[in-house]
Amino acid sequence: MMREVGIIGVGAHPTGRFMEKPLKAIAYPAIWRALNDAGVEPADLQAAYVGNSLGGLLTGQEGVRGQVVLQYSGITGIPVVNVENACASAMTALRGAWLEVASGAADVALAVGVEKMNVGDSARTIGALGAVSELELSEMGMQFTTSYAIHPKINLKARMQDYGWTIRDFAKPAVKNSSNGALNPLAQHRRPLTIEEVIQSRIIVDPLTLLMCSSISDGAAAAVVCAMDVAPRFTNKRPIRIASCVLRSGEYRLPDDKRPDSATTTAFAAYEQAGIGPEDLDAIELHDAMAPAELMLYERLGLCSPGDGPKLIDDQITTLRGRRPVNPSGGLCSRGHPVGATGLLQICELVWQMRGEALARQIQPRPKVTMAQNQGGLLLGQDSAVYATTILMA
Amino acid sequence: MDEIELGRTGKLYSHTIAHVAPQGFSTPFFQVFIDLPEGPRVFALVGSECPVEPGVLEDGMEMRLIVEPLADTPERRDLLTYKYIPMRHGGS
Numbered sequence: 023m024m025r026e027v028g029i030i031g032v033g034a035h036p037t038g039r040f041m042e043k044p045l046k047a048i049a050y051p052a053i054w055r056a057l058n059d060a061g062v063e064p065a066d067l068q069a070a071y072v073g074n075s076l077g078g079l080l081t082g083q084e085g086v087r088g089q090v091v092l093q094y095s096g097i098t099g100i101p102v103v104n105v106e107n108a109c110a111s112a113m114t115a116l117r118g119a120w121l122e123v124a125s126g127a128a129d130v131a132l133a134v135g136v137e138k139m140n141v142g143d144s145a146r147t148i149g150a151l152g153a154v155s156e157l158e159l160s161e162m163g164m165q166f167t168t169s170y171a172i173h174p175k176i177n178l179k180a181r182m183q184d185y186g187w188t189i190r191d192f193a194k195p196a197v198k199n200s201s202n203g204a205l206n207p208l209a210q211h212r213r214p215l216t217i218e219e220v221i222q223s224r225i226i227v228d229p230l231t232l233l234m235c236s237s238i239s240d241g242a243a244a245a246v247v248c249a250m251d252v253a254p255r256f257t258n259k260r261p262i263r264i265a266s267c268v269l270r271s272g273e274y275r276l277p278d279d280k281r282p283d284s285a286t287t288t289a290f291a292a293y294e295q296a297g298i299g300p301e302d303l304d305a306i307e308l309h310d311a312m313a314p315a316e317l318m319l320y321e322r323l324g325l326c327s328p329g330d331g332p333k334l335i336d337d338q339i340t341t342l343r344g345r346r347p348v349n350p351s352g353g354l355c356s357r358g359h360p361v362g363a364t365g366l367l368q369i370c371e372l373v374w375q376m377r378g379e380a381l382a383r384q385i386q387p388r389p390k391v392t393m394a395q396n397q398g399g400l401l402l403g404q405d406s407a408v409y410a411t412t413i414l415m416a
Numbered sequence: 006m007d008e009i010e011l012g013r014t015g016k017l018y019s020h021t022i023a024h025v026a027p028q029g030f031s032t033p034f035f036q037v038f039i040d041l042p043e044g045p046r047v048f049a050l051v052g053s054e055c056p057v058e059p060g061v062l063e064d065g066m067e068m069r070l071i072v073e074p075l076a077d078t079p080e081r082r083d084l085l086t087y088k089y090i091p092m093r094h095g096g097s
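Here the protein sequences line up with chains X and V, keeping their order.
Residues 23 to 416 in the working numbering are what the first sequence lists, from first letter to last.
Residues 6 to 97 in the working numbering are what the second sequence lists, from first letter to last.
Written out as structure tokens, the structure reads:
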């Protein structure tokens, strides 16, 4: 029998370019903001999971990054698990901390996600990002931008043919999310964009332009998870319950494979465990590493029928003041995508929204049921490597 | 598990022109997926004799396999890889 688990504290480091800071100095403020928010001391923690993806290649700290980061924050002695799961490292870390508490092994556990991508050489950073795909892909120069443009798992270029989506449609999520990010003091890019600007920015991988892509970013986020019945020992705030936290891996698919996409199967497993459906969600943070992917994810997560993605923005359903806001933080393109921190940055945003602490970007009324969707890596065989989805309930 | 020998032909499933690349590639360059008659769909690059311009490739066209250096850069010139070019392009 699994125990009920809640999040009692969250914290984040702003997202952007912090050349002078090593990994541990980026993680430190996020960790301590989460501990202070939870009313928890390092001595109260019984386990920690630290997500990071590129630190080995980019900083040279190949091993024990979690222990290094936590010791700098004054957290030592407890079990520490290092988590590398590409762009879904942070949500995988959250899942580890959640399982520790749900299983009864710990009452209080910490999840951290941290990434430092600015190392003064963007070609090296792009190379390291490529290395979270299966080697045969990265060695041939395959990149994530390409994967969103023509990879069979999403193939935005084909959507222009079969759905009639236009380059203007592709720009819409970038514009929507930039206006959310403009209200977020933690966001990397805080300037609201126009459709024309997005379309006219330079082409990275046809048909995707620069302002449709998430950029190189440093950042960190942390969450303290606690057994629901133990939480009152630390805080008066109501814990935000983790209703489900589902992790899956990509599947090898041949071209004629008609099974549902892995983002879909992961989300629907999360809905089932939480006892809800997509229509019950009040707010969503999703993995828009390339902004137009948000349009595909709407249908993959069951938020609309195939092809109807742009309508959710046109009809102002997923905008900040809409019925079901998506990426209120600004998403990966505006808030920022420090890859190994992203899943927990999504969780931080949802917790703030559910508590009514999201300042100028606060969703009204306060969301009660929310979902964070995170994915990462590429495998041979037409699928991402990692899919993770978490549902939170107030 | 069975081993299957792959032939030298395929059909272009999707293609794009990439304007950024990791170290060791010169841009712009084609990146494509090829459907093989044996079943799999594979990621591939396009042979250097094919000019990198819009309209040169068309999804669904027949392609054939060639072997050439991964890229015309000092880092990759000595690495050989499979690439595809349009069937009608070049000799037999």
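C-beta: ideal position from N, C-alpha, C; glycine also.
inquiry  = Give me the residue from X/ARG260, X/ALA153, X/VAL246 with the minimum Cα distance to X/ALA112.
reply    = Counting from one through the first sequence, the residue named residue 112 of chain X turns up at place 90. Of the candidates X/ARG260, X/ALA153, X/VAL246, the one whose C-alpha sits nearest the C-alpha of X/ALA112 is X/VAL246.
- Look at the alpha carbon of V/GLY96 and the alpha carbon of X/MET41, and state the distance between them as a whole number of angstroms. Here residue 96 of chain V refers to the residue found at position 91 when the second sequence is read from its first residue. Here residue 41 of chain X refers to the residue found at position 19 when the first sequence is read from its first residue. Below a pLDDT of 50, predicted positions are generally treated as unreliable, and V/GLY96, at 48, falls in that range; the measurement from the model is reported next regardless. Each residue's Cα considered, the two are about 52 Å apart.
- Query: How about V/TYR89 and V/GLY15: are their beta carbons less than 8 Å apart?
  - Reply: For the purposes of this step, residue 89 of chain V is identified with residue 84 of the second sequence, where counting begins at 1. For the purposes of this step, residue 15 of chain V is identified with residue 10 of the second sequence, where counting begins at 1. Result yes, Cβ atoms of V/TYR89 and V/GLY15 sit closer than 8 Å.
Amino acids of chain V, ordered along the chain, whose beta-carbon sits closer than 7 Å to that of X/ASP228 = Residue 228 of chain X sits at position 206 when you count from the first residue of the first sequence. Contact note: X/ASP228 reaches chain V through THR21, ILE22, using a C-beta cutoff of 7 Å and chain order.
**OP:** Figure out for me which residue from V/VAL37, V/LEU41, V/PRO91 has the closest Cα to the Cα of X/MET16.
**Re:** This structure cannot settle anything about residue 16 of chain X, because the visible part of chain X is limited to 23 through 416.
| said: Just checking: is the beta-carbon of X/ASP405 within a distance shorter than 8 Å of some beta-carbon in chain V? | reply: To locate residue 405 of chain X, count along the first sequence from 1; it is residue 383. At a cut-off of 8 Å between beta carbons, X/ASP405 makes no contact with chain V.
- Cβ of V/ALA27 less than 8 Å from any chain X Cβ? Numbered from its first residue, the second sequence carries residue 27 of chain V at position 22. Checking the displayed sequence, the identity of residue 27 of chain V turns out to be Pro instead of Ala. For V/PRO27, the nearest beta carbon of chain X is closer than 8 Å to its own beta carbon.
Notebook entry, point to check: Since X/CYS109 and X/GLY398 are thought to touch, with beta carbons under 8 Å apart, how far apart are those beta carbons, to the nearest angstrom?
Noted result: Position 87 of the first sequence holds residue 109 of chain X. Position 376 of the first sequence holds residue 398 of chain X. Sure, about 3 Å apart at Cβ, within 8 Å.
Inset, instruction - Could you check what DSSP says for X/PHE290 in three-state terms: helix, strand or coil? - result: Numbered from 1 along the first sequence, position 268 holds the residue referred to as residue 290 of chain X. DSSP places X/PHE290 in helix when its eight states are reduced to three.
* Asked: What's the call for X/VAL86, buried or exposed, on a 16-neighbour Cβ count within 10 Å?
  -> One-based indexing of the first sequence puts residue 86 of chain X at position 64. With fewer than 16 other Cβ atoms within 10 Å, it is exposed.
Going along the stretch 52-75 of chain V in order, which residues come within less than 9 Å of chain A, judged by CB to CB distance?
Looking at the structure shown, chain A is missing, and the protein chains on hand are X and V.
*In whole angstroms, what is the alpha-carbon distance linking V/ASP64 and X/ASP337?*
For the purposes of this step, residue 64 of chain V is taken as residue 59 along the second sequence, with counting starting at 1. For the purposes of this step, residue 337 of chain X is taken as residue 315 along the first sequence, with counting starting at 1. Straight-line spacing of the CA atoms in V/ASP64 and X/ASP337 works out to 33 Å.
**Prompt:** Who are V/LYS88's beta bridge partners in DSSP?
**Reply:** Position 83 of the second sequence holds residue 88 of chain V. Answer is V/LEU50, V/ILE71, bridged to V/LYS88.
If you follow the beta strand (DSSP E) that V/GLN36 is in, where does it begin and where does it stop? In the second sequence, the residue the question calls residue 36 of chain V occupies position 31. Annotation for V/GLN36: the continuous beta strand (DSSP E) segment containing it runs 34-40.
| request: Counting only the same chain and skipping the five closest in sequence on each side, list residues whose C-beta sits under 6 Å from that of X/GLY329. | output: Here residue 329 of chain X is taken as the residue at index 307 of the first sequence, counted from 1. Excluding residues within five positions, the ones whose Cβ falls inside 6 Å are TYR185.
### Contact residues within the stretch 166-187 of chain X, judged by C-beta distance below 8 Å to chain V
Those would be THR167, THR168, ALA171, ILE172, HIS173, PRO174, ASN177, LYS179, ALA180, in chain order.
*Distance, X/SER406 Cα to X/ILE97 Cα*: For the purposes of this step, residue 97 of chain X is taken as the residue at position 75 of the first sequence. For the purposes of this step, residue 406 of chain X is taken as the residue at position 384 of the first sequence. In this model, X/ILE97 and X/SER406 are separated by some 34 Å (Cα to Cα).
**Report entry** Buried/exposed call for X/PRO282, threshold 16 Cβ in 10 Å
**Finding:** Along the first sequence, read from residue 1 onward, the residue named residue 282 of chain X stands at position 260. Counting Cβ neighbours within 10 Å, X/PRO282 comes out exposed, since fewer than 16 surround it.
**Prompt:** From X/GLN368 to X/PRO350, what distance separates their C-alpha atoms?
**Reply:** Position 346 of the first sequence, counted from the first residue, corresponds to residue 368 of chain X. Position 328 of the first sequence, counted from the first residue, corresponds to residue 350 of chain X. Cα to Cα, X/GLN368 sits roughly 10 Å from X/PRO350.
Using the Cα positions of X/ILE221 and X/ASN258, report the straight-line distance between them to the nearest angstrom.
Translated into the one-based positions of the first sequence, residue 221 of chain X becomes position 199. Translated into the one-based positions of the first sequence, residue 258 of chain X becomes position 236. X/ILE221 and X/ASN258 have their alpha carbons spaced roughly 48 Å apart.
Is X/ILE176 closer than 8 Å to X/ALA70 when the C-beta atoms are compared?
One-based indexing of the first sequence puts residue 70 of chain X at position 48. One-based indexing of the first sequence puts residue 176 of chain X at position 154. Remark: C-beta atoms of X/ALA70 and X/ILE176 do not approach each other more closely than 8 Å.
Where the stretch 130-141 of chain X meets chain V: residues whose CB sits under 7 Å from a CB there:
Correct list: empty, as no residue qualifies.
So which residues on chain X does V/PRO45 lean against when the C-beta distance must stay under 7 Å?
Here residue 45 of chain V corresponds to residue number 40 of the second sequence, with the count starting at 1. The answer, in chain order, is LEU276.
What number of angstroms, rounded off, separates the C-alpha of X/LYS194 from the C-alpha of X/GLY99? For this step, residue 194 of chain X is matched to residue 172 along the first sequence. For this step, residue 99 of chain X is matched to residue 77 along the first sequence. Linking X/LYS194 to X/GLY99 through their CA atoms gives a straight-line distance of about 48 Å.
- To the nearest angstrom, how far is it from the Cα of X/ALA149 to the Cα of X/MET23? As a position in the first sequence, residue 149 of chain X is number 127, starting the count at 1. As a position in the first sequence, residue 23 of chain X is number 1, starting the count at 1. Sequence check: residue 149 of chain X is Gly here, not Ala. Cα-Cα distance, rounded: 44 Å.
(request) Give me the Cβ distance between X/ILE264 and X/ILE30, rounded to the nearest whole Å; I'm assuming they're in contact under 8 Å. (result) The count along the first sequence starts at 1 and reaches residue 264 of chain X at position 242. The count along the first sequence starts at 1 and reaches residue 30 of chain X at position 8. Actually they do not touch by this definition, with Cβ atoms about 11 Å apart.
Problem set entry | chain X within 8 Å of V/GLY96, Cβ atoms only | The residue labelled residue 96 of chain V in the question sits at position 91 within the second sequence. Only weak support exists for where V/GLY96 lies, its pLDDT of 48 falling under 50; the value from the coordinates is given anyway. No, V/GLY96 does not count as interfacial toward chain X.
*On the three-state DSSP scale, how would you describe X/GLU122?*
Your numbering for residue 122 of chain X matches position 100 in the first sequence. The answer is helix: DSSP assigns X/GLU122 an H, G or I state.
**Item:** Neighbouring residues, chain V, relative to X/MET164 (Cβ below 7 Å)
**Value:** Indexing the first sequence from 1 puts residue 164 of chain X at position 142. Simply GLN36, PHE48.
Quick check on DSSP: helix, strand or coil for X/LYS390? Here residue 390 of chain X refers to the residue found at position 368 of the first sequence. Residue state, collapsed to three classes: coil.
Legend entry - Local Cβ density within 10 Å of X/PRO261, reported as buried at 16 or more and exposed below that: Taking the first residue of the first sequence as 1, we reach residue 261 of chain X at position 239. X/PRO261 is classed as buried because its beta carbon has at least 16 other beta carbons within 10 Å across all chains shown.
Q) If you count every other CB in all the chains shown that lies within 10 Å of the CB of X/ASN21, and 16 or more means buried, which is it? A) Past the edges of chain X, shown from 23 to 416, lies residue 21 of chain X, and the structure says nothing about it.
### The beta strand (DSSP E) enclosing X/ARG263, as first and last residue numbers
Here residue 263 of chain X refers to the residue found at position 241 of the first sequence. Where X/ARG263 is concerned, the enclosing beta strand (DSSP E) stretches over 262-271.
Tell me the start and end of each unbroken beta strand (DSSP E) in the stretch 51-131 of chain X that is at least 3 residues and wholly inside, in chain order. Complete beta strand (DSSP E) runs here, min 3: 69-73, 102-105.
If contacts are defined as beta-carbon pairs under 8 Å, then V/GLU70 and V/TYR87 qualify, I think. What distance do you get, rounded to the angstrom? Taking the first residue of the second sequence as position 1, residue 70 of chain V is located at position 65. Taking the first residue of the second sequence as position 1, residue 87 of chain V is located at position 82. In the sequence as displayed, the identity of residue 70 of chain V is Leu instead of Glu. About 6 Å separates the beta carbon of V/LEU70 from that of V/TYR87, a gap short enough to meet the 8 Å contact definition.
> Taking one C-beta from the stretch 378-387 of chain X and one from the stretch 309-327 of chain X each time, how about it: are there three or more such pairs within less than 8 Å?
Replying inline: Result no; under three Cβ-Cβ pairs closer than 8 Å.
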